[in-house]
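Asks: Please see the structure below; I have some questions.
Here it is in structure tokens:
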């Protein structure tokens, strides 16, 4: 009997703890509004949770309030208890760091609804907003906190101290000058064309940039090997028929895989190139999305996504009043993308041997995670190269008000926990 279940918001995090993703458990597709249908007396659901007393949720910074509310509802239904009992009486253990990347398209667990917002006063809350506030009330019921203070990744003591200051937005100019010694072109930095840097992944902020750099790297790699790169072209259909319009075909194939349920339109192939799985294939074999695959058959996968084609319609066929023209596309493709380059968001939770990063942040980025995550992927400062010069001010980005308030609350709970369980400290 399974007394503990382990969930995480991403495939990599789930694989690391021998668990499953929260979305998989909920029976949802990523970026989909379709939820698992919950019915009273669902025997399968009841069996899944009958013996469970503990639920471990890793990478809590990337878990959203809407997602947590759904999880609470499902467990309460499965356990047949009063809906007012949090998570059906199951003990929830959260792991993570609130200063890393937050969830996409959801409110983070530390959201402070008492702070002023842009929402008009007196306007009724939506169902989603109500559920988010419910989930936040569950977070506020956390009554036991343990701080894990021993750093298990970073082996460089000077670099570890820099990361500690960065974590609080308190870096000094000496830290800045130290990082500048790792910028491409400095005497202490090797060439990106030489080993080991020619095989190190590059971390970027945007999916579109990732796709472009991966395609260019594949072409360059093929040229170095004296090969002609092969390209695997996705099969797209609309309303059950193959698409024949050349303009639409071009638009669909050029879309970033982040907009096509993670199935690429054009997949360049070069012998020996690094790749990442974008779909879950077999958890029991460790073949889960975001992980580099082993030597096993990779089946063609099928996904459906929606796309706005307003920009390619003739003027006389464009929808009026700036409305969108949405098509539903079904795509069959290999669930792989090149891994010469990955997004910083996808790198969260990974320890990389060598890495090339960029600290020139996108406009209007004020999230401390955008700096902290890429810099903290390696064990030593010597294991990273910075692509270009960057501003000192990016090292001074501070946690948000809600992050600071939540961390202060958890610090106080940690002190209370130490008193309650003094024999363990």
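In this note's numbering, the protein residues as written are 13 to 437. Glycine residues also receive a C-beta, built at the ideal position from the N, C-alpha and C atoms. Quantities reported herein were computed from a predicted structural model and do not represent experimental measurements.
What's the call for residue 313, buried or exposed, on a 16-neighbour Cβ count within 10 Å?
Replies: Along the chain shown, one-based indexing puts residue 313 at 301. Buried, since its Cβ has 16 or more Cβ neighbours within 10 Å.
Asks: Taking 6 Å as the limit between beta carbons, can you name the residues of its chain near residue 208, skipping five residues before and five after?
Replies: As a working note, residue 208 is residue 196 in the chain shown. Once the five neighbours on either side are set aside, the close Cβ partners of residue 208 are 366.
Asks: With a 10 Å radius around its C-beta and 16 neighbouring C-beta atoms as the bar for buried, classify residue 25 as buried or exposed.
Replies: What you label residue 25 is simply residue 13 of the chain shown in a count that begins at 1. That one is buried.
Asks: Have a look at 368, 82, 109 and flag the residue whose alpha-carbon is nearest the alpha-carbon of residue 74.
Replies: Taking the first residue of the chain shown as 1, we reach residue 74 at position 62. Comparing Cα positions, the closest option is 109.
Asks: Give the straight-line distance between the Cα atoms of residue 16 and residue 406, rounded to the nearest whole angstrom.
Replies: Counting from 1 along the chain shown, the entry for residue 16 is found at position 4. Counting from 1 along the chain shown, the entry for residue 406 is found at position 394. For residue 16 and residue 406, the distance between alpha carbons rounds to 41 Å.
Asks: Quick one: what does DSSP say residue 378 is sitting in, helix, strand or coil?
Replies: Translated into the one-based positions of the chain shown, residue 378 becomes position 366. Reduced to three states, the DSSP call for residue 378 is coil.
Asks: Taking its Cβ as the centre, do 16 or more other Cβ atoms sit within 10 Å of residue 82, making it buried, or is it exposed?
Replies: If you number the chain shown from 1, residue 82 lands on position 70. Answer is buried; the Cβ neighbour count reaches 16.
Asks: Enumerate, from N- to C-terminal direction, the unbroken beta strand (DSSP E) stretches of 3 or more residues contained entirely within the region 368-428.
Replies: Here the runs fully enclosed are 396-398.
Asks: Using alpha carbons as the reference points, say which of 233, 235, 198, 351 lies closest to residue 213.
Replies: Stepping through the chain shown from its first residue, residue 213 is reached at position 201. It is 351 whose Cα lies nearest to the Cα of residue 213.
Asks: Whole angstroms is fine: what's the gap from residue 224's alpha carbon to residue 234's?
Replies: For this step, residue 224 is matched to residue 212 along the chain shown. For this step, residue 234 is matched to residue 222 along the chain shown. The alpha-carbon atoms of residue 224 and residue 234 are separated by roughly 16 Å.
Asks: Rounding to the nearest angstrom, what Cα-Cα distance links residue 413 and residue 171 in this structure?
Replies: Here residue 413 refers to the residue found at position 401 when the chain shown is read from its first residue. Here residue 171 refers to the residue found at position 159 when the chain shown is read from its first residue. C-alpha separation (whole angstroms): 27 Å.
Asks: When you compare only the Cα positions, how much space is there between residue 394 and residue 174?
Replies: Numbered from its first residue, the chain shown carries residue 394 at position 382. Numbered from its first residue, the chain shown carries residue 174 at position 162. Looking at the two C-alpha atoms, the distance is approximately 14 Å.
Asks: Going by the DSSP bridge assignment, what does residue 244 pair with across the sheet?
Replies: Within the chain shown, numbered from 1, the residue matching residue 244 stands at position 232. Its beta-bridge partners are 279.
Asks: At the level of alpha carbons, what is the spacing between residue 236 and residue 286?
Replies: On the chain shown, residue 236 is found 224 positions in, with the first residue counted as 1. On the chain shown, residue 286 is found 274 positions in, with the first residue counted as 1. Going from the Cα of residue 236 to the Cα of residue 286 covers about 15 Å.
Asks: Which whole-angstrom value is the C-beta distance of residue 353 and residue 232, which I expect to be below 8 Å?
Replies: Position 341 of the chain shown, counted from the first residue, corresponds to residue 353. Position 220 of the chain shown, counted from the first residue, corresponds to residue 232. That pair is no contact at about 12 Å.
Asks: What residues in its chain sit with their C-beta under 8 Å from that of residue 200, if we drop five residues either side in the sequence?
Replies: Within the chain shown, the letter at position 188 stands for residue 200. If we look at residue 200 and ignore the five residues flanking it on each side, its Cβ neighbours are 193, 194.
Asks: For the alpha helix (DSSP H) that contains residue 192, what are its first and last residues?
Replies: Taking the first residue of the chain shown as 1, we reach residue 192 at position 180. 185-192 is the extent of the alpha helix (DSSP H) around residue 192.
Asks: Would you check if the distance between the CB atom of residue 248 and the CB atom of residue 343 is smaller than 7 Å?
Replies: Here residue 248 refers to the residue found at position 236 when the chain shown is read from its first residue. Here residue 343 refers to the residue found at position 331 when the chain shown is read from its first residue. Going by C-beta atoms, residue 248 is nearer than 7 Å to residue 343.
Asks: Taking Cβ to Cβ, would you say residue 408 is nearer than 7 Å to residue 181?
Replies: Position 396 of the chain shown holds residue 408. Position 169 of the chain shown holds residue 181. Yes, the pair counts as a contact, with Cβ atoms nearer than the cut-off.
Asks: Please name the residue, chosen from 368, 349, 322, 345, that lies closest to residue 338 on a Cα-to-Cα basis.
Replies: Here residue 338 corresponds to residue number 326 of the chain shown, with the count starting at 1. For the set 368, 349, 322, 345, the Cα lying nearest the Cα of residue 338 is the one of 322.
Asks: Taking 8 Å as the cut-off, does the region 154-170 touch the region 377-387 (at least 3 CB pairs, one atom from each stretch)?
Replies: no
Asks: For residue 101, does the three-state DSSP call read helix, strand or coil?
Replies: As a working mapping, residue 101 is identified with position 89 in the chain shown. Helix at residue 101.
Asks: Could you round the C-beta distance between residue 148 and residue 77 to whole angstroms and report it? I think they count as a contact, below 8 Å.
Replies: Translated into the one-based positions of the chain shown, residue 148 becomes position 136. Translated into the one-based positions of the chain shown, residue 77 becomes position 65. A Cβ-Cβ distance of about 6 Å is found for the pair residue 148 and residue 77, placing them in contact under the 8 Å criterion.
Asks: Go ahead and pull the three-state DSSP assignment for residue 152.
Replies: Position 140 of the chain shown, counted from the start, is the residue given in the question as residue 152. Residue 152 falls in the coil class under three-state DSSP.
Asks: Considering Cα atoms alone, identify which of 89, 18, 80 is closest to residue 67.
Replies: Position 55 of the chain shown, counting from 1, holds the residue named residue 67. The shortest C-alpha separation from residue 67 is found at 18.
Asks: Around the Cβ of residue 55, are there at least 16 other Cβ atoms within 10 angstroms (buried) or fewer (exposed)?
Replies: Along the chain shown, read from residue 1 onward, the residue named residue 55 stands at position 43. With fewer than 16 other Cβ atoms within 10 Å, it is exposed.
Asks: Can you look up residue 345 in the DSSP assignment and give me helix, strand or coil?
Replies: Counting from 1 along the chain shown, the entry for residue 345 is found at position 333. In the displayed model, residue 345 falls within a strand according to three-state DSSP.
Asks: At the level of alpha carbons, what is the spacing between residue 228 and residue 363?
Replies: Your numbering for residue 228 matches position 216 in the chain shown. Your numbering for residue 363 matches position 351 in the chain shown. Roughly 25 Å between the two C-alpha positions.
Asks: Which of the three DSSP states is assigned to residue 262 in this structure?
Replies: Numbered from its first residue, the chain shown carries residue 262 at position 250. Residue 262 sits in a helix when the DSSP states are folded into three classes.
Asks: Is it right to say residue 103 is buried, meaning 16 or more other beta carbons lie within 10 angstroms of its own, or is it exposed?
Replies: The residue labelled residue 103 in the question sits at position 91 within the chain shown. Counting Cβ neighbours within 10 Å, residue 103 comes out exposed, since fewer than 16 surround it.
Asks: Considering only C-alpha positions, which residue in the set 282, 341, 176 is nearest to residue 251?
Replies: Working through the chain shown from its first residue, we reach residue 251 at position 239. When each option's Cα is compared against that of residue 251, the closest is 341.
Asks: Could you tell me the boundaries of the beta strand (DSSP E) in which residue 67 lies?
Replies: Indexing the chain shown from 1 puts residue 67 at position 55. Its beta strand (DSSP E) spans residues 66-69.
Asks: List the endpoints of the continuous beta strand (DSSP E) containing residue 18.
Replies: As a first step, residue 18 must be located in the chain shown, where it is residue number 6. Per DSSP, residue 18 belongs to the beta strand (DSSP E) from 16-20.
Asks: DSSP on residue 195, reduced to helix/strand/coil?
Replies: As a working note, residue 195 is residue 183 in the chain shown. The answer is strand: DSSP assigns residue 195 an E or B state.
Asks: Kindly indicate the opening and closing residues of the beta strand (DSSP E) around residue 116.
Replies: Locating residue 116 in the chain shown gives position 104, where the first residue counts as 1. That residue, residue 116, is in no beta strand (DSSP E); it is neither H nor E in DSSP.
Asks: Determine whether the beta carbon atoms of residue 255 and residue 324 lie at a separation below 7 Å.
Replies: Along the chain shown, one-based indexing puts residue 255 at 243. Along the chain shown, one-based indexing puts residue 324 at 312. No, they are not a contact pair.
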